[in-house]
Amino acid sequence: MSRPTRAPGRLARYGFGTAEGDGGARAADLLGPDGLGLWRPAEQEPVDESAVELLAALSRAADPDLALRQLHRIVEAERRANGGTASGATGPGSPLLAELHTDPGLRRRLIAVLGASSALGDHLVAHPEHYAALRTAPDGLAPTAEGRLEPTGDGNPVAVLRSAYRLALLRIAAADLTGGRGLEQTMAALSALADATLAAAYESAVAELPAGTARPRLAVVAMGKCGGGELNYVSDVDVIFVAADDADLSAATQVATRLIHICGLVAWPVDAALRPEGNRGPLVRTLASHLAYYRRWARTWEFQALLKARPAAGDLPLAQEWIDQLAPLVWRAAERPEAVEDVRAMRRRIIDNIPPKELEREIKRGSGGLRDIEFAVQLLQLVHGRGDETLRVPGTIPALRALVAGGYVGRADGEALLRGYRFLRSIEHRLQLQSLRRTHTVPTEPAALRWLAAALDYTATPGRSAVEAFRAEWVTHAAEVRRLHAKLLYRPLLESVARVPADGLRLTPEAARHRLEILGFADPAGALRHLQALTGGVSRTAAIQRTLLPVLLSEFADAPEPDRGLLNYRQVSDKLGSTPWYLRLLRDGGPVARRLARVLALSRYVADLLARDPEALRLLAEENELAPRPRAVLQEGFLAAAARHGDPVEATRAVRALRRRELVRVACADVLCRAGSLAPTPTPTRTDGGNRQAPGLADITAVGTALSDVTDATLAAALRAAQAGQAAPPGLRFAVIGMGRLGGYESNYLSDADVLFVYDPPPGSNESAASAAAHAIAEELRRLLGVPAPDPPLGVDADLRPEGRQGPLVRSLAAYAQYYARWSRVWEAQALLRARFVCGDADLGAEFEALIDPVRYPADGLTREQVVEIRRIKARVETERLPRGADPATHTKLGRGGLADVEWAVQLVQLRHAGAIPELRGTRTLDALAAAERAGLVDPADAAEMAAGWSLAAQVRNALMLVRGRAGDQLPRHGVELAGVVALLGRDDPGEFLDEYLRTGRRSRAAAERVLNA
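If you count the sequence shown from 1, position 472 lands on 666 in our numbering, and the numbers rise without skipping.
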């Protein structure tokens, strides 16, 4: 192997010349005979084995060129200190170089410091004898780096203290850079060094008091990073000064002022701006003055800052007394209504104050930086530390571990935050150590980036440089921290937990029973048994339940039947508690926990559905999951589910399961739509030619349409399964026609499907065979949808067919034509106003609609006798069908101004005028009413009263079904069901709501009678 012809080229292999850009020429001068004497230029190799070892150590430094320059300067300073001349070779006879050969530990530590910190290198040049602090002890151990001060020598106390501080810092940096201390140990050592420096400065300041001045009782309380035991290399040290009483104030202020000055000369600035009133307030206050301020004036951020308070110097018992006296105030700060938002707002202000050009490079204040982690952890401490004393620790890492152990933060999330915190703090330490300058910004210069990557132990790999490897990991950690910061700090559940009194978070049996009584539980003992079952034990599941339940209990208490809400939650938890996603979803899923509490407490209908399909509660996590699915999407999904099964029963079971999930979707959105911040707000998506939003009780037509779409899809898929299981003549056409509320897109949660069945035999086929086949299909459809199953059944009601139950279940298109032409009565024409094609053969459905149009929209309208007949039938229905004992004023269907009043009035207008006015030809009640108003057939005031009456009655009817879990048309005048309806409708006072319902009904009834009698 041939040797390189130039020494610098060979030295470049050791990493020299990279920063200088000279290929190692400068290194050759410093290492050669006129320098350290470690390199033979002629042979282009180290002079001996000790030189080989030292060159290898230099090559492993973060910046080999910097380490070499610093070493050369120190050896020169050493020679001058020992009386040498300024000319000639530097290295020969150097005690330092000799020790670097005999003490590998010293060599490793010193070279690591020189390559990572020009500031500490400058210190060693000024004090070359201080390298001895890095010597390996006689027992082979590295020098201690616990942050202890060891002042030596006489003279100016400040100079002595500064020298001792730099020596201690040198030992800490060496241990940090060589792996002798982890991040947490390094931060603890730097904090201990700060404490020792504060204590020494305190004693110096006391010693400088005028003769005869009594020593004041003054406590120095560490705050911020120092208080949390997580100080970095260069940082202001945040403190608060506390005097015992007024007699100490004068002397204490002198001591505090002098302490700040001394520390500024020795190590770092002391910042007392976290004190009451900040820089505008007095530097020192008495304990009593502090307490008065915090009790009356302190803001949320001031209590947040107190999380890290720790005695540091001076009168330590006084400092601890100050902390103990303020602790109860700290742990109640989160109960303020504005507390959580205050903390968030402060975090946003910090980000807003970062210069735009530094925003992406800020590892402390920027998005995805250290502040994101610290703020999230501190907010969780404020909220949950009231009831869990294990969270009352000042440091970020210990607090985060406690949050994970307590179940407040998921294990994976906690580990990700810990990794991100360690990574970002390591960057911060290396950046600050370089020049002992306060900085939190990643450099942009290529050379500085190469140094930083090397200082963090990144190495090049094939295809990727060390800088690229560093950047990739930085981007990954920052993105993860940003995600988790938003997840934890902005978790909506926190606002609710923060408003629960602290004693409610402990849930001890005695306290829980009392709290349950206060919350309005009718059976506190039973409720307590549910709580004990949910939270008993030491499992992680129980810990998470203990976190969630105080908030859920408050939600349950807002409902008319708190006991039912808790029971339903217990049942859902029993079914899902062992699944890995359930409690994690409730804890981390934004509003899921509170949404679940609301639907379980207010709606037996939803609770029953969730009991059958607990996994459906995942729908509560995503806004767009609470929007109704478009009709086409439902049809496609239901048909695909049926097609996956050859057995008609299995196919229909799959379809019914999908229907159940869709009912949960619509019902949950309905229950939540007036729940304030819990209401779903999905992103509008273009479907069916328009924007679709989540349905809600405020828009009853959206609920009816959504439920009708689900029924249509169910019938279509079930019909496909029924036809697959029946032998029918080839070419037989079959269609299902929607009637009643299904036809009018006004279905409710418990509506049967009112239908007509129509078929058309293939040409030339046997009529009786075709009729039998069509009849078999219809019967099979009804049977499949009525088979007992865990899913809600869908009744298929064909009673509106010609001749009712006495007539055939299925008729041919020709038979329908013959019947309507010869025997149809006016009430049958009225029923046909809601007829529309639902599923089956679309052409046949269109032909049927064309067939019945002349019947339901008579060209000449109605005769006087037919109008009188309709009025007579309505009166008889109102009298005979209203249940015995029912209150006609509050019966939503047949009561005064309710659904029937408005529908009969609108349908009479359609029968009389739709033959001449095509705009009236629709199956929806409110659409037809609006068309009648536009056509001048109904007075606008009457139309408005009727629309209000119909809408309110329909809303109340749906709400009654959601609350009861069963069909019901009667709005009670008092009791928990009335209260439940009122809560679902977003109203406050049941009495006022009942008055509104009665008033609206009266006006609607009067308007309907005017239309009927016109």
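Glycine residues also receive a C-beta, built at the ideal position from the N, C-alpha and C atoms.
Can you tell me whether Trp1214 is helix, strand or coil according to DSSP?
This structure cannot speak to residue 1214, because the chain is shown only from 195 to 1208.
Report, in whole angstroms, the separation of the C-beta atoms of Ala503 and Leu392, which I expect to be a contact under 8 Å.
Contact doesn't hold; Cβ gap of about 14 Å is too wide.
Tell me the residue span of the alpha helix (DSSP H) that contains Ala1128.
First, the amino acid is wrong: residue 1128 is Arg here, not Ala. Unbroken alpha helix (DSSP H) run through Arg1128: 1119 to 1128.
Enumerate, from N- to C-terminal direction, the unbroken alpha helix (DSSP H) stretches of 4 or more residues contained entirely within the segment 205 to 283.
Complete alpha helix (DSSP H) runs here, min 4: 219 to 225, 243 to 253, 258 to 275.
Give every residue of the same chain whose Cβ lies closer than 7 Å to the Cβ of Arg234, excluding the five residues on either side of it in the sequence, and list them in chain order.
Val241
Using beta carbons (cut-off 8 Å, strictly below), is Leu500 in contact with chain C?
Looking at the structure shown, chain C is missing, and only one protein chain is on hand.
On the criterion of 16 or more Cβ atoms from any shown chain inside 10 Å, does Ser398 qualify as buried, or is it exposed?
buried
Expected contact under 8 Å - CB spacing of Gly601 and Ala727 to nearest Å
Not confirmed; about 17 Å, so no contact.
Regarding Arg1019 and the ligand SAH, is the C-beta to nearest heavy atom distance less than 7 Å?
No copy of the ligand SAH appears in this structure; indeed no ligand is present at all.
Check this for me: beta carbons of Gly579 and Leu573, under 8 Å apart or not?
no
Would you mind stating whether Gly989 and Thr1117 have Cβ atoms separated by less than 8 Å?
no
8 Å contact criterion, which Ala327 and Gln628 should meet: CB distance rounded:
About 20 Å; that fails the 8 Å criterion.
Classification of Ser690 by the beta-carbon crowding that lies within 10 angstroms, buried from 16 upward
For Ser690, the pLDDT reaches just 47, beneath the cut-off of 50, and the residue's location in the model is therefore unreliable, although a value from the coordinates is still provided. When all chains shown are included, Ser690 counts as buried.
Excluding the 5 residues flanking Arg530 on each side, which residues of the same chain have their C-beta closer than 7 Å to its C-beta?
Thr494
Taking the C-alpha atoms as reference points, what is the distance between Pro889 and Glu1186?
The predicted model places Pro889 with a pLDDT of 41, which falls under 50 and marks its position as unreliable; any figure quoted below should be read in that light. If I take the Cα positions, the gap works out to 25 Å.
Does Gln739 pass the burial test, meaning 16 or more other C-beta atoms within 10 Å, or should it be called exposed?
buried
Among Arg1115, Gln575, Ala1094, Val1096, which one has its Cα closest to the Cα of Gln1104?
Measuring from the Cα of Gln1104, the nearest candidate turns out to be Arg1115.
At the level of alpha carbons, what is the spacing between Asp228 and Leu294?
19 Å
From the DSSP output, in three-state form, read off Glu1072 for me.
Three-state result, Glu1072: helix.
Whether or not the segment 795 to 809 and the segment 1149 to 1159 are in contact is what I'm after, with contact meaning three or more pairs of Cβ atoms, one per stretch, closer than 8 Å; do they touch?
Cβ pair count under 8 Å is three or more, so yes.
Per the DSSP calculation, His1085 is bridged to which residue(s)?
Gln1164.
Taking Asp333 as the reference, which of Asp297, Leu722, Ala1177 has the closest Cα?
Closest in C-alpha terms to Asp333, from the list Asp297, Leu722, Ala1177, comes Asp297.
Going by beta-carbon coordinates alone, are Pro923 and Pro957 separated by less than 8 Å?
no
For Trp516, which residues in the same chain have their Cβ closer than 7 Å to its Cβ, ignoring the five residues on either side in sequence?
Ala413, Val415, Val436, Leu481, His484
Enumerate in chain order the residues of its own chain whose CB-to-CB distance from Arg356 is below 6 Å, with the five nearest sequence positions on each side excluded.
Val460
Can you name, in chain order, every residue of its own chain whose Cβ lies under 6 Å from the Cβ of Ala1201, other than the five neighbours on each side?
Correct list, in chain order: Asp1136, Glu1139, Met1140.
Classify Glu856: buried if its beta carbon has 16 or more other beta carbons within 10 angstroms, exposed otherwise.
buried
Three-state secondary structure (DSSP) of Tyr602
coil
Hey, how far is the Cα of Leu1206 from the Cα of Ala1099?
5 Å
Would Asn473 be called buried (16 or more neighbouring beta carbons within 10 Å of its own) or exposed?
exposed
Start and end residues, alpha helix (DSSP H) containing Ala508
For the sequence presented, residue 508 should be read as Gly rather than Ala. Gly508 -> not in any alpha helix (DSSP H); beta strand (DSSP E) instead, spanning 504 to 508.
In the structure shown, what three-state DSSP assignment does Leu950 receive?
DSSP places Leu950 in the strand class (E or B) of the three-state scheme.
Considering Cα atoms alone, identify which of Phe664, Ala533, Arg555 is closest to Gln575.
Answer by Cα proximity: Ala533.
Contacts around Asp1095, its chain only, beta-carbon distance under 6 Å, and the 5 residues preceding and following it disregarded:
Arg1199, Ala1202
For Thr590, collect the residues of the same chain with a Cβ closer than 7 Å to its Cβ; drop the 5 residues on either side in sequence, then sort them by chain order.
Take Thr590, set aside five residues on each side of it, and the residues of its chain with a beta-carbon closer than 7 Å to its own are Gly422, Glu424, Ile567, Glu568, Val571, Tyr615, in chain order.
Could you tell me whether the segment 641 to 661 touches the segment 244 to 262, where touching means 3 or more Cβ pairs closer than 8 Å?
Verdict: yes, contact present.
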